[in-house]
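S.K.: Please find one structure pasted underneath; my questions will follow.
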């Protein structure tokens with residue numbers, strides 16, 4: 070019970086206001102009560118060798134003593150409830166050390182249980198709370214694998230311990246920003262799955278040779294990396310190769326032999342093939358008309374021109390994608406198939422491509438634009454650094470610094 074101090078004599082022996090007069094609060098528990106019984110120390114040494122399943126420790130007369138113990142019988146999970154729960158008193162706190170069957174570098178691993186029921190006196194709760202670290206230190210912290218605190222038996226039962234292990238291994242709660250990022254991952258995974266699947270099939274024809282395709286599985290949504298940071302490297306659908314149809318292969322051969330000067334290809338998203346659209350003769354002025362406004366296409370154009378007095382015929386690859394007028398699936402597949410198509414044309418058909426261009430509007434394809442893309446301007450002359458002018462007006466007379474000895478002085 071606390072007392073209110075008043076100024077004046079005769080108050081020297083009265084406790085200060087708000088200070089409990091109960092003896093347990095004497096010295097404020099700043100120093101844990103040490104283990105003073107030789108019996109408990111010896112029993113701890115014996116138990117660490119693995120011959121004891123359970124140790125119950127209680128406090129009597131401000132000393133830690135052995136309350137009870139159990140020898141090994143069966144597996145730790147089979148004996149758990151039968152050994153632990155009967156030793157728990159509804160009015161008396163205690164410590165329970167329960168040996169598991171797993172081992173670490175120091176020996177068998179133990180579970181440390183701090184039992185402090187709600188109905189026990191406040192003084193005992195404080196006393197046991199202040200002594201918990203001492204018990205762990207005396208027994209050996211390296212032997213303790215897990216630690217539990219319970220006020221009801223359900224908290225420290227076998228099912229309670231299993232829930233405790235699950236909660237410790239579960240991920241931490243997400244903040245609002247982390248929840249938003251998680252939703253972005255889910256959405257991106259769904260988009261990737263939708264773009265990479267046809268009906269219920271999870272296979273696609275790929276391979277280095279159009280005539281001998283092989284099979285590859287799509288990445289699942291969980292495998293698509295969406296971490297956003299400076300070091301992020303996102304996984305994309307690289308290396309997809311739809312097979313070229315026979316007429317498209319023949320058109321590429323004809324372009325190589327310069328029998329035709331233009332090829333337009335498209336992806337058949339249903340059959341997952343690359344089809345030929347047409348090979349109509351095309352001049353530079355006709356190129357903008359060949360670019361569809363509502364769908365993506367691949368174009369090969371034989372660019373005939375003169376450069377520095379030489380007549381040249383250069384094959385230009387044009388990838389046209391009219392922005393967001395196309396579906397997400399179409400944009401992803403056209404972008405993913407482009408590199409493998411170019412590899413096939415250059416390596417298998419031995420068609421040299423002078424320039425690869427990406428556009429979103431056919432109006433960009435002018436004669437000047439193509440020439441600058443195929444023959445970019447070389448800036449050979451580099452302007453020298455121009456020294457800035459000094460301040461306006463006189464800057465004063467120049468100062469002459471004389472060397473040592475010029476005025477008769479010793480060097």
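In this note's numbering, the protein residues as written are 70 to 480. We put the CB at the ideal spot given by N, CA and C, even for glycine.
Using the Cα positions of residue 372 and residue 396, report the straight-line distance between them to the nearest angstrom.
M.R.: Here residue 372 corresponds to residue number 303 of the chain shown, with the count starting at 1. Here residue 396 corresponds to residue number 327 of the chain shown, with the count starting at 1. Whole-angstrom Cα-Cα distance: 31 Å.
S.K.: Check whether the Cβ of residue 366 lies closer than 7 Å to any heavy atom of the ligand ADP, and answer yes or no.
M.R.: For the structure depicted, the ligand ADP is absent and the ligand set is empty, with no information on it obtainable.
S.K.: With distances taken between CB atoms, is the gap from residue 439 to residue 353 smaller than 8 Å?
M.R.: For the purposes of this step, residue 439 is taken as the residue at position 370 of the chain shown. For the purposes of this step, residue 353 is taken as the residue at position 284 of the chain shown. Going by C-beta atoms, residue 439 is nearer than 8 Å to residue 353.
S.K.: Taking 8 Å as the cut-off, decide whether the C-beta atoms of residue 356 and residue 369 are in contact.
M.R.: Locating residue 356 in the chain shown gives position 287, where the first residue counts as 1. Locating residue 369 in the chain shown gives position 300, where the first residue counts as 1. No.
S.K.: Relative to the C-alpha of residue 340, which candidate in 359, 122, 314 and 348 has its C-alpha closest?
M.R.: The residue given as residue 340 occupies position 271 in the chain shown. If we check each option's Cα against that of residue 340, 314 comes out closest.
S.K.: For residue 343, collect the residues of the same chain with a Cβ closer than 8 Å to its Cβ; drop the 5 residues on either side in sequence, then sort them by chain order.
M.R.: Taking the first residue of the chain shown as 1, we reach residue 343 at position 274. Correct list, in chain order: 311, 312, 313, 314, 317, 334, 335, 336, 337, 367, 406 and 410.
S.K.: What whole-angstrom Cβ distance do residue 162 and residue 194 have, given they're in contact under 8 Å?
M.R.: Position 93 of the chain shown, counting from 1, holds the residue named residue 162. Position 125 of the chain shown, counting from 1, holds the residue named residue 194. Right, the Cβ-Cβ distance comes to about 6 Å (below 8 Å), so this counts as a contact.
S.K.: Alpha carbon to alpha carbon, how far is residue 480 from residue 447?
M.R.: For the purposes of this step, residue 480 is taken as the residue at position 411 of the chain shown. For the purposes of this step, residue 447 is taken as the residue at position 378 of the chain shown. Its pLDDT being 46, under 50, residue 480 is placed unreliably by the model, and nothing is read from it.
S.K.: Between which two residues does the beta strand (DSSP E) harbouring residue 335 extend?
M.R.: Residue 335 sits at position 266 when you count from the first residue of the chain shown. Residues 331-337.
S.K.: Between which residues of its own chain and residue 329 is the CB-CB distance below 8 Å, once the five residues before and five after are set aside?
M.R.: Taking the first residue of the chain shown as 1, we reach residue 329 at position 260. Only 320, 323, 348, 350 and 371 meet the Cβ criterion.
S.K.: Taking the beta carbon of residue 183 as the centre, do at least 16 other beta carbons fall within 10 Å, making it buried, or is it exposed?
M.R.: Translated into the one-based positions of the chain shown, residue 183 becomes position 114. Buried is the call here.
S.K.: In angstroms, rounded to a whole number, what distance separates the CA positions of residue 185 and residue 156?
M.R.: On the chain shown, residue 185 is found 116 positions in, with the first residue counted as 1. On the chain shown, residue 156 is found 87 positions in, with the first residue counted as 1. Rounded to whole angstroms, residue 185 to residue 156 spans 13 Å at the Cα level.
S.K.: What are the uninterrupted segments assigned as beta strand (DSSP E) that are 3 or more residues long and contained completely in the segment 377-411, given in chain order?
M.R.: DSSP runs (the beta strand (DSSP E)) wholly in the segment 377-411: 379-389.
S.K.: Could you have a look at residue 366 and say whether DSSP puts it in helix, strand or coil?
M.R.: Your numbering for residue 366 matches position 297 in the chain shown. The answer is strand: DSSP assigns residue 366 an E or B state.
S.K.: What are the partner residues of residue 184, as DSSP defines its beta bridges?
M.R.: The residue you call residue 184 lines up with position 115 of the chain shown. 163 and 219, per the DSSP bridge assignment.
S.K.: Counting along the chain, where does the beta strand (DSSP E) carrying residue 424 start and finish?
M.R.: Locating residue 424 in the chain shown gives position 355, counting from the first residue. Unbroken beta strand (DSSP E) run through residue 424: 424-428.
S.K.: Does the pairing of the segment 160-176 with the segment 112-122 give three or more beta-carbon distances under 8 Å?
M.R.: Yes, they touch.
S.K.: Can you say whether residue 144 is buried or exposed, counting buried as having 16 or more other CB atoms within 10 angstroms of its CB?
M.R.: Within the chain shown, the letter at position 75 stands for residue 144. Flag for residue 144 reads exposed.
S.K.: Please state the DSSP three-state secondary structure of residue 375.
M.R.: Here residue 375 refers to the residue found at position 306 when the chain shown is read from its first residue. Strand at residue 375.
S.K.: State yes or no: is the C-beta of residue 133 within less than 8 Å of the C-beta of residue 154?
M.R.: Locating residue 133 in the chain shown gives position 64, counting from the first residue. Locating residue 154 in the chain shown gives position 85, counting from the first residue. Contact: no.
S.K.: For residue 389, count neighbouring C-beta atoms within 10 Å of its own C-beta (all shown protein chains included) and say buried if the count is 16 or more, exposed if not.
M.R.: Residue 389 sits at position 320 when you count from the first residue of the chain shown. Residue 389 is buried by the Cβ-count criterion.
S.K.: Less than 8 Å between the beta carbons of residue 385 and residue 426, yes or no?
M.R.: Translated into positions along the chain shown, residue 385 becomes position 316. Translated into positions along the chain shown, residue 426 becomes position 357. Their beta carbons are under 8 Å apart, which means residue 385 touches residue 426 by this criterion.
S.K.: Could you check if residue 403 is buried or exposed, using at least 16 other CB atoms within 10 Å of its CB as the buried criterion?
M.R.: By one-based count along the chain shown, residue 403 stands at place 334. Looking at its Cβ environment, which holds 16 or more other Cβ atoms inside 10 Å, residue 403 is buried.
S.K.: Cβ atoms of residue 383 and residue 436: under 8 Å apart, would you say?
M.R.: Counting from one through the chain shown, the residue named residue 436 turns up at place 367. Counting from one through the chain shown, the residue named residue 383 turns up at place 314. For residue 436 and residue 383, no; Cβs fall outside 8 Å.
S.K.: For residue 375 and residue 387, I'd like the C-alpha separation in whole angstroms.
M.R.: Mapped onto the chain shown, residue 375 falls at position 306. Mapped onto the chain shown, residue 387 falls at position 318. Distance between the alpha carbons of residue 375 and residue 387 is about 20 Å.
S.K.: Tell me whether residue 234 is buried or exposed, calling it buried when 16 or more other Cβ atoms sit within 10 Å of its Cβ.
M.R.: Here residue 234 refers to the residue found at position 165 when the chain shown is read from its first residue. Exposed is the call here.
S.K.: Among the candidates 221, 211 and 400, whose CA atom is the shortest distance from the CA of residue 159?
M.R.: On the chain shown, position 90 is the one that residue 159 refers to. Of the listed residues, the one whose Cα sits closest to residue 159 is 221.
S.K.: Which first and last residues belong to the alpha helix (DSSP H) in which residue 441 is found?
M.R.: Counting from one through the chain shown, the residue named residue 441 turns up at place 372. That run of the alpha helix (DSSP H) goes 436-443.
S.K.: Spatial neighbours of residue 444 within its chain, please: C-beta separation below 7 Å, excluding the five flanking residues on both sides.
M.R.: Start at 1 with the first residue of the chain shown, and residue 444 comes out as number 375. Correct list, in chain order: 376.
S.K.: Among the candidates 434, 247 and 227, whose CA atom is the shortest distance from the CA of residue 148?
M.R.: Counting from 1 along the chain shown, the entry for residue 148 is found at position 79. The residue with the shortest Cα to Cα distance from residue 148 is 227.
S.K.: Return the residue from the list 197, 212 and 238 that minimises the CA-CA distance to residue 130.
M.R.: Numbered from 1 along the chain shown, position 61 holds the residue referred to as residue 130. Ranking 197, 212 and 238 by Cα distance to residue 130 puts 197 first.
S.K.: Return the residue from the list 249, 236 and 126 that minimises the CA-CA distance to residue 207.
M.R.: Against the chain shown, residue 207 aligns to sequence position 138. Of the candidates 249, 236 and 126, the one whose C-alpha sits nearest the C-alpha of residue 207 is 126.
S.K.: On the CB-based measure, 16 or more other CB atoms within 10 Å of its CB, does residue 122 come out buried or exposed?
M.R.: Position 53 of the chain shown, counted from the start, is the residue given in the question as residue 122. Buried.
S.K.: From what residue to what residue does the beta strand (DSSP E) around residue 132 run?
M.R.: For the purposes of this step, residue 132 is identified with residue 63 of the chain shown, where counting begins at 1. Residues 132-140.
S.K.: Would you mind giving the Cβ-Cβ distance between residue 212 and residue 178, rounded to the nearest angstrom? I have them listed as a contact below 8 Å.
M.R.: On the chain shown, position 143 is the one that residue 212 refers to. On the chain shown, position 109 is the one that residue 178 refers to. Contact holds; Cβ gap of about 6 Å.
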